[in-house]
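Residues in the sequence shown are numbered from 1 upward in steps of one, following the UniProt record's numbering.
Even glycine gets a Cβ: it sits at the ideal position worked out from N, Cα and C.
None of the values given here were measured: they were computed from a predicted structure.
Contents: one structure, followed by commentary.
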Amino acid sequence: MSDGSADPAIDGEGADPGTDEVVLRTDRLLLRPWRVEDAAVQRELWLERDPRVPPHRRIDADGHPTLEDLEEWIRTHPPGRTGLLAVERRTGGEVIGYCGLVDSGRGAEDEPELAFELLRREWGQGYATEASLAVLDWARTSGHVRLWATVREWNTASRRVLAKVGFVETDRVEPDDVHGRTIFTTRLL
């Protein structure tokens, strides 16, 4: 069983020499920048999303984003101080989702939001918790003091993961009668 500990490596094994790519390692996972060939996994995530997820985060009636759209997004959005990293199993090398930090603008200055999503077939194996703990370590070593995470009230699995990694629900809630209320959680590092 993994303790979820991470060894954040910058310019380390798995990163392109001469870059400052972030590569995080845990017992079972490698979190790394997206590669164009990972676009198919991104599209699968879009296709699997719960119908209660707002439409702008699902495949639209015209089939967008397409595989080509996602490939272009990967090419034009290199990771920086924040970003969503591909979550890859160290054994076998399959990409199973993403985890990382996003500047959503919902928190205070320099307080990014933790975000994660895994393919349904990977749920229930502790990968989201393990990846989130690695990202929390990365955030701490990057100088962040507090993180946010938002979650739909109906998303009990993600709420459990957030609680396991130390996020607490706040009184801040965004009502949404169509897609379900959004709960704001926070965690001091």
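May I have the straight-line CA-CA distance separating residue i from residue j, to the nearest angstrom?
| i | j | result |
| --- | --- | --- |
| Leu30 | Gly100 | 12 Å |
| Val165 | Trp148 | 12 Å |
| Gly63 | Pro51 | 15 Å |
| Val145 | Leu189 | 5 Å |
| Arg140 | Arg25 | 15 Å |
| Ala108 | Thr156 | 26 Å |
| Ile59 | Leu85 | 21 Å |
| Gln125 | Pro55 | 28 Å |
| Leu119 | Trp138 | 23 Å |
| Pro79 | Glu68 | 19 Å |
| Glu71 | Arg43 | 10 Å |
| Tyr98 | Trp34 | 9 Å |
| Val102 | Val135 | 11 Å |
| Ala40 | Arg172 | 35 Å |
Mind checking which residues open and close the alpha helix (DSSP H) that includes residue i?
| i | result |
| --- | --- |
| Val53 | Looking at the DSSP string, Val53 is not in any alpha helix (DSSP H), and its letter there is neither H nor E. |
| Trp123 | Run containing Trp123: none; DSSP gives neither H nor E here. |
| Val161 | 156–164 |
Can you find a heavy atom of the ligand PLP that lies under 7 Å from the Cβ of residue i?
| i | result |
| --- | --- |
| Ala157 | Within the structure as shown, the ligand PLP is missing, as the structure has no ligands at all. |
Would a C-beta distance cut-off of 8 Å place residue i and residue j closer than the cut-off?
| i | j | result |
| --- | --- | --- |
| Val36 | Ile74 | yes |
| Leu45 | Glu94 | no |
| Pro112 | Thr82 | yes |
| Arg152 | Thr185 | no |
| Thr150 | Arg106 | yes |
| Glu130 | Arg32 | no |
| Val168 | Ala128 | no |
| His179 | Val22 | no |
Which of the three DSSP states, helix, strand or coil, is assigned to residue i?
| i | result |
| --- | --- |
| Thr91 | coil |
| Leu70 | helix |
| Leu47 | helix |
| Thr182 | strand |
| Thr76 | helix |
| Asp137 | helix |
| Glu174 | strand |
| Glu21 | coil |
| Glu130 | helix |
| Phe167 | coil |
| Leu30 | strand |
What are the start and end residues of the beta strand (DSSP E) that includes residue i?
| i | result |
| --- | --- |
| Leu147 | 146–152 |
| Ala61 | Counting along the chain, Ala61 falls outside any beta strand (DSSP E), and DSSP gives it neither H nor E. |
| Val36 | Careful: Val36 lies outside any beta strand (DSSP E) and carries neither H nor E. |
| residue 191 | With the chain running from 1 to 189 in the structure shown, residue 191 is simply not present. |
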